[in-house]
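Engineer:
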Amino acid sequence: MKKILIITGILLFGIHYSQTLYTQDFNAPGLNGWVSTDIDGDGNQWGKIDASNLSGDFGTGSLISYSYKSNQALTPNNLITSPLIDLSNAPANIVLSYDLATSSYFPAEKYSVYVTTSNASGTIIASNPVYTETVASGGIQKRIINLTPYIGQQVYVSFRHYDCTDLFYIVIDNVSIKTIADKDVALEKVSLQRYGLVNTDYFIKATIKNNGAQSISNIKINWNDGTTDHISTIPLASPLAAGQKKTITHNIAVNFPAAAENNINFSIMEINGSQDTTPADNMLTTKFITVTQNSPKKTVFEEGTGTWCGYCPRGTVGMHNATSNFPNDFIGIAVHNNDPMEVIEYNTMAGFSGFPSMNVDRSLLEQNVTADFSPIINERKTLVVPAALSATSALSGRTLTLNASAIFRSNFVNANFRLAVVLVEDNVKGTTSGYNQSNYYAGGQLGVMGGFETKPNPVPAAQMTYDHVGRMLLGGYTGQAGSVPAVITDGQTVNYVFTSDIPLEYNINNMKSVVLLLDATSGEIINAAGPFAINNSTLGINDANITANDFSIYPNPAKEYIKVQAKGKVDLKIFDTSGKMIIERSGVEPNTEISIRTLIKGAYMVSIKEKDSEPKTKKLIIE
């Protein structure tokens, strides 16, 4: 397996202590008085590593044990034990605190923590551990274990990595034994979707962590919009013990009657009926923006892939499945790495540290790639977004002029949006060995994978066709500065024209454009539209296909209805900019009103077919 050390970070909230009894950051040479024991005698045991690329908090030295190393699967049974730690005069409420890290892709390392009065390895592993865990999710995490029962003793602390195989690593650092406050809870995260409809209830979720000694049975919380407090006491179904986290929901809904940007202050007021002794970490602020109507939402999957990557065929299969099953909800873009289709800026800015991997709307980063994207698409396709996107385009030779358009449905006084366009190409083929696709699914030993199980490893270039290939970034990865104004009113249309020359090596007939609306502060994709064909043969916003001279649509632009002026009855179809049919009417009499009240503002195509004649099309603008 190809496994890459992940460079990542996680925000850790401070914990308030009054006294430190023991601390070790492992930055000095050697094991700093700790003793490593290779229990199974396989020659692999706890050692030291510079893990500062994982987090600056790890410094230049950290403990590490492997379950996969040098292309070899390991089944570790490794023990490491601290020097003698004197707790004979320790005050009340003491805890063991440490940081750990595992691979984001292979997190399920098992380990136990022991606290003993003997440092003999056999005695240690025969005792009952104070904590055992199979790590559920990767990345950097903090653990807190209550050691109050050991007050008055002299003890050794041990970490044992065992009973797991063929994963990657576990890192331990910043080990300390400290006293903690009696009542101390931290507000770690507030979850409220950024955009919501007016006059609609939304509920705030909050993640809390008990950093104190006292178990929490109820908590008083409040949200305030700058005008009104919304206070509620939430009973917990089971007590929250020291070091544990829990997500709770405020039972008073957020609901605003008008389109606006709203700042929400969320705070913890009391724990078990009295104040937190360390309230500095009891408040967080989030923004909630109300919109007057929702716009069609498309979720963008940017997949990190490469022809050298043997597991990447599952991303190819996932892209194909999602395109087939969610044509109106999904946009896929293949971001190639270290192969002939690589776009250096795209690959660098996407920041993938393992392959295959994917960024979803640049909000869910480095997600695991499977052949089934449906859970994420189903979750995100219902999100409320503040703007609908469309595009018109024209080609002059190989020069593309594309007008990206966004219709906003809220009021902003200090917006920080940007428009961007990604040009993608389908049906990409190559003849050199760089287009051979590495394929670990060959032979079927890893199961069925969309037909790749029947193909060789590697799949020869002659048998490969690559779709969704990210080719060009118009406006750059972070979007075009100045393309969206800071002050926006509900119903306002914003346009920006991108111009670019298409390189000769790209097939214009297979190229499409994807329009993105980016939050320039967070970098997230707020909404997207497309893919739109950029050549002149598409039924879309290109005017080159408009040939109807013997009928007219009026009014145009229109607001509530349209009429068709023709010689006789016609069959009418209205398409959006992606080519999706929105309205269909048969046998329409001339000058009959056709309601368009359900359509959002923007550009559409109207197809008219008279008896015994070919369909003809005309552009319609809805204001």
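As numbered in my numbering, residues -8 to 614 make up the sequence shown, in order. C-beta atoms are modelled at their ideal positions from N, C-alpha and C, and glycine is treated no differently. All values derive from a computational prediction rather than experimental measurement.
Could you give the first and the last residue of the continuous beta strand (DSSP E) run that contains Pro230?
Structural biologist: Sequence index remark: in the sequence shown, residue 230 carries index 239 (1-based). 220 to 231 is the span of the beta strand (DSSP E), which, as asked, contains Pro230.
Engineer: Sorted by chain position, which residues of the same chain lie with C-beta nearer than 7 angstroms to Asp492's C-beta, five sequence neighbours on each side aside?
Structural biologist: Sequence index remark: in the sequence shown, residue 492 carries index 501 (1-based). Within the same chain, Asp492 has close Cβ partners Arg389, Thr390.
Engineer: His311: which of Phe364, Ser109, Gly435, Ile225 sits nearest, CA to CA?
Structural biologist: Within the sequence shown, numbered from 1, the residue matching residue 311 stands at position 320. When each option's Cα is compared against that of His311, the closest is Phe364.
Engineer: Helix or strand or just coil, what does DSSP make of Pro476?
Structural biologist: Here residue 476 is taken as the residue at index 485 of the sequence shown, counted from 1. In this structure, Pro476 counts as coil in the three-state DSSP scheme.
Engineer: If the criterion is Cβ atoms closer than 8 angstroms, does the pair Lys550 and Ser598 meet it?
Structural biologist: Along the sequence shown, read from residue 1 onward, the residue named residue 550 stands at position 559. Along the sequence shown, read from residue 1 onward, the residue named residue 598 stands at position 607. No, Cβ-Cβ distance for Lys550 and Ser598 is not below 8 angstroms.
Engineer: Using DSSP bridges, identify the partner residues of Gln358.
Structural biologist: Translated into the one-based positions of the sequence shown, residue 358 becomes position 367. Met349.
Engineer: Tell me which residues share the same chain as Val506 and place their Cβ nearer than 6 angstroms to its Cβ, disregarding the 5 neighbours each side in the sequence.
Structural biologist: Numbered from 1 along the sequence shown, position 515 holds the residue referred to as residue 506. Hits under 6 angstroms: Leu380, Ala382, Ala395, Val412, Ala520, Gly521.
Engineer: Kindly identify the DSSP beta-bridge partner or partners of Asp90.
Structural biologist: Translated into the one-based positions of the sequence shown, residue 90 becomes position 99. Asp90 is bridged to Lys133, Asp164.
Engineer: Starting from the C-beta of Gly217, find all residues in its chain whose C-beta is less than 7 angstroms away, skip the five residues before and the five after it, and write them out in chain order.
Structural biologist: Position 226 of the sequence shown, counting from 1, holds the residue named residue 217. Result list for Gly217: Asn254, in chain order.
Engineer: Return helix, strand or coil for His677, following the three-state DSSP convention.
Structural biologist: In this structure the chain extends from -8 to 614, so residue 677 is not present and cannot be described.
Engineer: Measure how close the beta-carbons of His221 and Asn213 come, nearest whole angstrom, since I'm counting them as under 8 angstroms.
Structural biologist: Position 230 of the sequence shown, counting from 1, holds the residue named residue 221. Position 222 of the sequence shown, counting from 1, holds the residue named residue 213. Their Cβ separation, rounded to whole angstroms, is 6 angstroms, which keeps His221 and Asn213 in contact under 8 angstroms.
Engineer: Using three-state DSSP, classify Ile142 as helix, strand or coil.
Structural biologist: The residue you call residue 142 lines up with position 151 of the sequence shown. Coil, per DSSP.
Engineer: By Cβ distance below 6 angstroms, which residues in the same chain neighbour Ala117 in space, the five residues on each side in sequence not counted?
Structural biologist: Numbered from 1 along the sequence shown, position 126 holds the residue referred to as residue 117. No residues qualify anywhere along the chain.
Engineer: For Ser396, which of helix, strand or coil comes out of DSSP?
Structural biologist: Your numbering for residue 396 matches position 405 in the sequence shown. Ser396 falls in the strand class under three-state DSSP.
Engineer: What first and last residue would you give for the beta strand (DSSP E) that runs through Ile612?
Structural biologist: On the sequence shown, position 621 is the one that residue 612 refers to. Note, Ile612: beta strand (DSSP E), 607 to 613.
Engineer: Alpha carbon to alpha carbon, how far is Ile262 from Ala524? Give it in angstroms, no decimals.
Structural biologist: As a first step, residue 524 is located in the sequence shown; it is residue number 533 there, counting from the start. As a first step, residue 262 is located in the sequence shown; it is residue number 271 there, counting from the start. Distance between the alpha carbons of Ala524 and Ile262: 58 angstroms.
Engineer: Look at the Cβ atom of Thr240, then the Cβ atom of Phe257, and state whether they are nearer than 8 angstroms.
Structural biologist: As a position in the sequence shown, residue 240 is number 249, starting the count at 1. As a position in the sequence shown, residue 257 is number 266, starting the count at 1. No, Cβ-Cβ distance for Thr240 and Phe257 is not below 8 angstroms.
Engineer: Can you tell me which of the three DSSP states Ser528 falls into?
Structural biologist: To locate residue 528, count along the sequence shown from 1; it is residue 537. In this predicted model, Ser528 has a pLDDT of only 34, less than 50, meaning its place in the structure is not dependable; the value taken from the coordinates is given anyway. Of the three classes helix, strand and coil, the one that applies to Ser528 here is coil, per DSSP.
Engineer: Could you tell me whether the segment 89 to 106 touches the segment 32 to 41, using the rule of 3 or more Cβ pairs below 8 angstroms?
Structural biologist: Touching, no.
Engineer: Report the rounded CA-to-CA distance for Pro140 versus Gly129, giving the unit in angstroms.
Structural biologist: Residue numbering aside, residue 140 sits at position 149 when the sequence shown is read from its first letter. Residue numbering aside, residue 129 sits at position 138 when the sequence shown is read from its first letter. Their backbone Cα atoms lie some 30 angstroms apart in a straight line.
Engineer: Decide if the segment 12 to 28 is in contact with the segment 158 to 172; the criterion is three or more beta carbon pairs, one per stretch, under 8 angstroms apart.
Structural biologist: As far as the Cβ criterion goes, the segment 12 to 28 touches the segment 158 to 172, which means the pair count is three or higher.
Engineer: Please report the distance separating the alpha-carbon of Pro347 from that of Ile195.
Structural biologist: Counted from its first residue, the sequence shown places residue 347 at position 356. Counted from its first residue, the sequence shown places residue 195 at position 204. Computed Cα separation, rounded: 34 angstroms.
Engineer: Closer than 8 angstroms is the cut-off here; do at least three beta carbon pairs connect the segment 409 to 423 with the segment 437 to 448?
Structural biologist: Because the criterion of three Cβ pairs below 8 angstroms is not met, the segment 409 to 423 and the segment 437 to 448 do not touch.
Engineer: So, helix, strand or coil for Phe17, using DSSP?
Structural biologist: The residue given as residue 17 occupies position 26 in the sequence shown. The answer is coil: DSSP assigns Phe17 none of H, G, I, E or B.
Engineer: Apart from the five residues just before and just after Arg305, which ones in its own chain have a Cβ nearer than 7 angstroms to its Cβ?
Structural biologist: Taking the sequence shown and counting its residues from 1, the one referred to as residue 305 is at position 314. Hits under 7 angstroms: Pro347, Val360, Thr361, Ala362, Met440.
Engineer: Between Tyr89 and Ile163, which are expected to be in contact by the criterion C-beta below 8 angstroms, what is the C-beta distance as a whole number of angstroms?
Structural biologist: For the purposes of this step, residue 89 is taken as the residue at position 98 of the sequence shown. For the purposes of this step, residue 163 is taken as the residue at position 172 of the sequence shown. With a Cβ gap of about 6 angstroms, Tyr89 and Ile163 count as contacting.
Engineer: In this structure, how does DSSP classify Thr512 when only helix, strand and coil are distinguished?
Structural biologist: Within the sequence shown, numbered from 1, the residue matching residue 512 stands at position 521. Note: Thr512 maps to coil in three-state DSSP.
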